[in-house]
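Colleague:
Residue numbers (our numbering), protein chains in the order written: chain B, 1 to 365; chain U, 366 to 730.
1) Measuring alpha carbon to alpha carbon, tell me which residue in 228(B), 181(B), 294(B) and 221(B) is nearest residue 211(B).
2) Would you tell me roughly how many angstroms separate the C-alpha atoms of residue 101(B) and residue 146(B), rounded to the nearest one?
3) Please report how far the alpha carbon of residue 71(B) lies from the alpha carbon of residue 662(U), in whole angstroms.
4) Could you check whether the Cβ of residue 603(U) sits closer than 9 Å to any Cβ belonging to chain B?
5) Of the choices 519(U), 445(U), 414(U) and 486(U), whose alpha-carbon is the least far from that of residue 590(U)?
6) Quick one: grab the DSSP three-state call for residue 649(U).
7) When the cut-off is 9 Å and only beta carbons count, does residue 58(B) lie next to chain U?
8) Identify, in the order they occur along the chain, each residue of the same chain with its Cβ nearer than 6 Å to the Cβ of residue 588(U), setting aside the five sequence neighbours on each side.
9) Based on the DSSP output, what are the partners of residue 292(B) in its beta bridges?
10) Is there a Cβ of chain U sitting closer than 9 Å to that of residue 337(B), yes or no?
11) Closer than 8 Å, Cβ to Cβ, to anything on chain B: give me those residues from the region 440-457 of chain U, in chain order.
12) Using 10 angstroms around the beta-carbon of residue 91(B), count the other beta-carbons present and answer buried if the total reaches 16, otherwise exposed.
13) By how many angstroms is the C-alpha of residue 124(B) removed from the C-alpha of residue 178(B)?
14) According to the Cβ coordinates, are residue 586(U) and residue 612(U) closer than 9 Å?
15) Nearest-angstrom Cα distance between residue 677(U) and residue 160(B)?
16) Figure out for me which residue from 623(U), 609(U) and 658(U) has the closest Cα to the Cα of residue 633(U).
17) Determine which residues of the region 96-108 of chain B have a Cβ less than 7 Å from any Cβ of chain U, and write them out in chain order.
18) So what does DSSP say about residue 319(B), is it helix, strand or coil?
19) Assuming residue 290(B) and residue 153(B) form a contact by the criterion Cβ under 8 Å, report the distance between their Cβ atoms to the nearest whole angstrom.
20) Could you tell me whether the Cβ atoms of residue 486(U) and residue 471(U) are closer together than 9 Å?
21) Taking 9 Å as the threshold (C-beta atoms), are residue 349(B) and residue 302(B) in contact?
22) Does the distance from the C-beta atom of residue 244(B) to that of residue 58(B) stay below 9 Å?
23) I need the DSSP call for residue 621(U), collapsed to helix, strand or coil.
24) With C-beta atoms as the reference, is residue 216(B) less than 9 Å away from residue 207(B)?
25) Using a Cβ-Cβ cut-off of 9 Å, state whether residue 313(B) counts as contacting chain U.
26) Is residue 83(B) helix, strand or coil by DSSP?
27) Could you check how far apart the C-beta atoms of residue 516(U) and residue 548(U) are, in whole angstroms? I think they sit under 8 Å.
28) Check whether the Cβ of residue 73(B) lies closer than 9 Å to any Cβ atom in chain U.
29) What span of residues does the alpha helix (DSSP H) with residue 531(U) cover, start to end?
30) Does the distance from the C-beta atom of residue 75(B) to that of residue 68(B) stay below 9 Å?
31) Kindly indicate the opening and closing residues of the beta strand (DSSP E) around residue 302(B).
32) Could you tell me the boundaries of the alpha helix (DSSP H) in which residue 589(U) lies?
33) Quick one: which chain U residues come within Cβ less than 7 Å of residue 150(B)?
34) Give me, in chain order, the residues of the same chain whose beta-carbon lies closer than 7 Å to that of residue 552(U); leave out the 5 immediate sequence neighbours on both sides.
35) For residue 817(U) versus residue 238(B), is the C-beta spacing smaller than 9 Å?
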């Protein structure tokens with residue numbers, strides 16, 4: 001147990017699942033109430049080769065996947081935790097690793113305060129500055145586990161490693177969770193700081209840079225004690241939360257570094273194309289290092305821009321929050337999708353200008 | 366919100382995921398930060414046809430699956446809840462539907478007390494009688510949400526519908542959760558009581574009779590208000606907890622009734638074969654209606670019988686709990702596996718007898 005573990009949960013007595021043997025020997029396996037039959041043929045047709053193995057529970061330790069992730073990131077498997085998306089990883093952090101409450105920016109991943117309410121965790125929102133940046137000095141002397149999405153959402157703005165280290169060094173008895181859902185598109189990962197700071201936990205997801213949002217897989221990286229805490233929580237909630245197919249998919253994704261690199265590079269190139277085009281049309285943008293842009297179109301509210309894009313067949317996200325009402329969040333898609341976005345935005349803005357020129361003093365609905 | 370919902374959770378403000386359109390129109394979908402690229406080719410090779418769609422989040426409402434389950438069980442989709450295995454369904458019940466604590470038998474699914482500790486729920490264990498049966502009268506006048514595995518684990522013994530109705534009628538302000546993980550192997554489902562009792566919630570799993578333990582899928586059936594409560598909890602924890610592949614697999618499994626029936630029938634036949642054979646060898650068994658047997662071998666502790674079967678290459682489950690130390694739990698496998706179990710048990714018992722005959726007064730280790 002790490003010193004960050006919520007002592008009110010010290011009595012947790014995790015469920016012990018039946019043994020899931022991994023050695024080559026063929027057991028007659030009668031210990032965990034699985035079916036001896038493969039799933040319905042319709043399932044097999046959908047899932048081709050992996051279908052028959054679905055009759056068996058997945059490996060609750062996620063052993064092979066953790067091994068692959070550890071090799072990729074040069075850590076030990078005991079420093080890696082796997083769960084059902086980084087949402088589940090984060091849920092466990094809020095449930096068990098916030099004995100003194102939580103701290104996070106006022107504009108960030110909208111799930112953080114939801115988790116707090118789910119688990120009765122007190123929290124403080126620390127305002128970003130006027131440019132939507134985190135100021136590490138604002139966290140000096142404050143108690144509670146810090147949650148920082150880096151790059152942050154929905155701004156896409158990233159802290160430098162030096163800034164993260166400042167937060168870690170401010171108080172080594174305070175845990176800092178760095179949520180790196182979007183780190184692979186140009187920001188610096190904090191993984192390198194794990195060797196020197198045991199008050200750091202890094203979370204990542206396969207939903208973005210590894211294109212497995214539909215598979216649900218998230219990881220955490222930290223000290224062996226912190227990872228053991230997370231395992232304890234997972235085993236007290238849903239030990240098999242990562243299914244067999246997702247384990248296979250995650251492993252395969254980790255093993256293809258060239259494809260991963262090529263996808264990230266293409267997204268960064270498409271981001272540059274979209275950002276340049278939108279700026280050329282007069283839009284305001286943050287310097288996003290994520291796979292999305294936060295965009296304010298000239299003369300349009302965020303809601304109006306979202307609605308107009310929707311008319312053009314393009315879905316983007318609008319957040320009805322005071323500080324970002326002028327903005328929409330636009331995911332980075334393919335080059336063709338970015339060109340279509342730029343064309344639609346140009347049309348929307350021209351229509352607005354024509355309208356304004358033809359009927360001075362009137363407003364669009 | 367149902368009257369069973371924990372009022373301490375009334376302030377839950379669920380996260381609202383970005384829209385996941387289902388209509389046929391092709392959107393340029395830029396609203397939820399998904400990758401425009403398919404996953405690594407290694408993933409595609411593993412998962413064949415469904416792989417490319419994994420870049421997109423799953424439908425968090427599990428709409429098509431709930432529709433299929435509702436049709437199969439003659440309920441409305443609003444009476445059906447889907448989550449990542451029935452463990453996750455149960456976790457949400459313990460988190461949010463136990464404002465006055467929980468009640469369950471002293472011998473039952475071992476996860477119930479784990480959930481209670483995870484979420485700080487007070488609980489009372491109500492002893493089974495000497496034949497491992499639930500006595501409904503023992504629950505009369507007790508407050509707290511009742512959790513009953515039916516058939517129960519590890520006994521395999523089932524309550525009749527009349528007994529479940531007695532529990533429901535004792536106090537209509539008290540919720541009864543009937544965990545029907547093993548119901549498809551000969552017991553009576555309580556689903557038919559939903560029309561008359563809104564204090565009933567039924568949970569089921571795809572891990573047993575539908576052979577999808579590796580896919581992780583569980584359902585709950587109840588009033589629309591109870592199902593809305595569970596949705597609220599799920600959306601405050603992990604809205605996408607059921608992945609795309611599992612949604613497809615679950616739907617396919619529900620649509621093949623003939624295969625489902627044939628598998629359940631074969632398991633019941635194999636259970637009868639195994640039970641008769643074990644009784645013929647002098648073993649004691651409960652009258653299990655589940656896909657497992659609770660078995661005490663003559664002259665052997667449960668631990669010794671487990672160890673001896675393991676030597677023979679057969680894994681079974683032993684629970685180190687006072688009332689069942691003589692027993693092991695044996696899952697029902699194929700006919701061939703059941704014959705191998707009987708042969709191994711016969712050898713173990715003969716060896717024990719030869720030993721006892723040859724060296725009177727001594728004991729095996």
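Every residue gets a Cβ at the ideal spot worked out from N, C-alpha and C, and that includes glycine. In this text the structure is predicted, and so the values were computed from the model without any measurement.
Modeller: Short version:
1) 181(B)
2) 9 Å
3) 47 Å
4) yes
5) 445(U)
6) strand
7) yes
8) 563
9) 331(B)
10) yes
11) 449, 450, 452, 453 and 456
12) buried
13) 17 Å
14) no
15) 59 Å
16) 658(U)
17) none
18) coil
19) 7 Å
20) no
21) no
22) yes
23) coil
24) yes
25) yes
26) strand
27) 7 Å
28) no
29) 526-535
30) no
31) No beta strand (DSSP E) holds residue 302(B); the alpha helix (DSSP H) holding it covers 302-311.
32) 589-600
33) Simply none; closest approach about 15 Å.
34) 515, 516, 523 and 654
35) In the structure as shown, chain U starts at 366 and stops at 730, and residue 817(U) therefore has no counterpart that could be examined.
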